[in-house]
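Participant: Before we start, here is the structure in question, set down as structure tokens.
Numbering (our numbering), first residue to last: 1 to 241.
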């Protein structure tokens, strides 16, 4: 038996580009047979709807609304909901999924939104967080910078983003990067913004994830499987189920 988790999900409460609420996302993933989701809205330095002219504390209160709404719905329907975010460096260009830190961490670090990626990486990882570089070779009209993978600054690579054949994500290049750095964690995520392609990507475990720390420990222990195009695979992309 596998327990399935979405690792890359946006909500319309926070991410400008999303069109479904946290609660809607939670219900959709429950119906798709997932055990849990990680809400990873665009951070305030990215495509985020949080106004920047208000205080840092208020920005952070607003930033967690999509997650909070998903969490409350998850409690009602039996879906585990975890918090994360997608940090943007060189907007719009390079994105870093960040896990195992919370609102209190963000409240304690005003100015984290303008940190150089080197400093951000050091702070997050020293604080117990996990960084996965999202879609490292994506090319799209809205991206203002060339792909610039940072394998030395992250804990892992999102080797699959959305459909495996997605032409603008260049997932095959992400796989090459991961294989060149075999010690890095590999993840898959839908990068979902609405109620379409629900459940085609994610990670899976043979045990239930208790919390974000358990998620990090399980990934670092090599216990994660990938969900690619709706199928569960090993870390090399070989279909298991």
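Backbone N, C-alpha and C fix where the C-beta goes; we use that ideal spot for every residue, glycine too.
1) Please go through the segment 111-182 and give each complete beta strand (DSSP E) segment of 3 or more residues, from N-terminal end onward.
2) Does the structure place the segment 220-240 close enough to the segment 183-193 that three or more beta carbon pairs sit under 8 Å?
3) Using three-state DSSP, classify residue 67 as helix, strand or coil.
4) Taking the beta strand (DSSP E) that residue 29 falls in, what are its first and last residues?
5) Buried or exposed: which applies to residue 108, given that a residue is buried once 16 or more other Cβ atoms fall within 10 Å of its Cβ?
6) Just how far apart, CA to CA, sit residue 63 and residue 106?
7) Determine the burial state of residue 136: buried for a count of at least 16 other Cβ atoms within 10 Å of its Cβ, exposed for fewer.
8) Note down the Cα distance separating residue 120 from residue 49, rounded to an integer number of angstroms.
9) Measure the Cβ-Cβ separation of residue 9 and residue 131 and say whether it is below 8 Å.
10) Count the other C-beta atoms from every protein chain shown that fall within 10 angstroms of the C-beta of residue 117, then say buried if there are 16 or more, exposed otherwise.
11) Rounded to the nearest angstrom, what separates residue 104 and residue 127 at their Cα positions?
12) Measuring CB atoms only, is the segment 34-43 touching the segment 12-21, in the sense that at least three cross pairs come out at less than 8 Å?
13) For the putative contact between residue 29 and residue 79, defined by C-beta atoms under 8 Å, what is the C-beta separation to the nearest angstrom?
14) Could you give the DSSP three-state label for residue 226: helix, strand or coil?
15) Sort 228, 212, 165, 241 by Cα distance to residue 36 and report the nearest one.
16) Rounded to whole angstroms, what's the CA-CA distance from residue 179 to residue 101? Just pull it up for me.
17) Could you check what DSSP says for residue 216 in three-state terms: helix, strand or coil?
18) Beta-carbon separation of residue 34 and residue 194 under 8 Å?
19) Would you decide whether residue 58 is buried or exposed? Buried here means 16 or more other CB atoms lie within 10 Å of its CB.
Facilitator: So, from the listed chains and residues:
1) 130-133, 156-161
2) yes
3) In the chain shown, counting from the first residue as 1, residue 67 sits at position 67. Three-state DSSP puts residue 67 in a helix.
4) For this step, residue 29 is matched to residue 29 along the chain shown. Where residue 29 is concerned, there is no enclosing beta strand (DSSP E), although the alpha helix (DSSP H) it sits in stretches over 22-31.
5) For the purposes of this step, residue 108 is taken as residue 108 along the chain shown, with counting starting at 1. Counting Cβ neighbours within 10 Å, residue 108 comes out exposed, since fewer than 16 surround it.
6) One-based indexing of the chain shown puts residue 63 at position 63. One-based indexing of the chain shown puts residue 106 at position 106. Rounded to whole angstroms, residue 63 to residue 106 spans 10 Å at the Cα level.
7) Along the chain shown, read from residue 1 onward, the residue named residue 136 stands at position 136. Counting Cβ neighbours within 10 Å, residue 136 comes out buried, since at least 16 surround it.
8) Counting from one through the chain shown, the residue named residue 120 turns up at place 120. Counting from one through the chain shown, the residue named residue 49 turns up at place 49. When rounded, the distance between both Cα atoms is 22 Å.
9) Counted from its first residue, the chain shown places residue 9 at position 9. Counted from its first residue, the chain shown places residue 131 at position 131. Contact flag unset, no.
10) By 1-based counting over the chain shown, the position of residue 117 is 117. Buried, by the Cβ-count rule.
11) Within the chain shown, residue 104 is the residue found at index 104, counting from 1. Within the chain shown, residue 127 is the residue found at index 127, counting from 1. Going by the C-alpha atoms only, they are around 12 Å apart.
12) yes
13) The sequence position of residue 29 within the chain shown is 29, counting from 1. The sequence position of residue 79 within the chain shown is 79, counting from 1. Indeed, because the Cβ distance is near 6 Å, the residues count as touching under 8 Å.
14) In the chain shown, counting from the first residue as 1, residue 226 sits at position 226. In the structure shown, residue 226 sits in a strand (DSSP, three-state: E or B).
15) Along the chain shown, one-based indexing puts residue 36 at 36. With distances taken between Cα atoms, residue 36 lies closest to 212.
16) Stepping through the chain shown from its first residue, residue 179 is reached at position 179. Stepping through the chain shown from its first residue, residue 101 is reached at position 101. Roughly 27 Å between the two C-alpha positions.
17) For the purposes of this step, residue 216 is taken as residue 216 along the chain shown, with counting starting at 1. If DSSP states are grouped into helix, strand and coil, residue 216 belongs with the helices.
18) Taking the chain shown and counting its residues from 1, the one referred to as residue 34 is at position 34. Taking the chain shown and counting its residues from 1, the one referred to as residue 194 is at position 194. In this structure, residue 194 does not lie closer than 8 Å to residue 34 by Cβ.
19) Reading the chain shown from its first residue, position 58 is the one you call residue 58. Exposed, by the Cβ-count rule.
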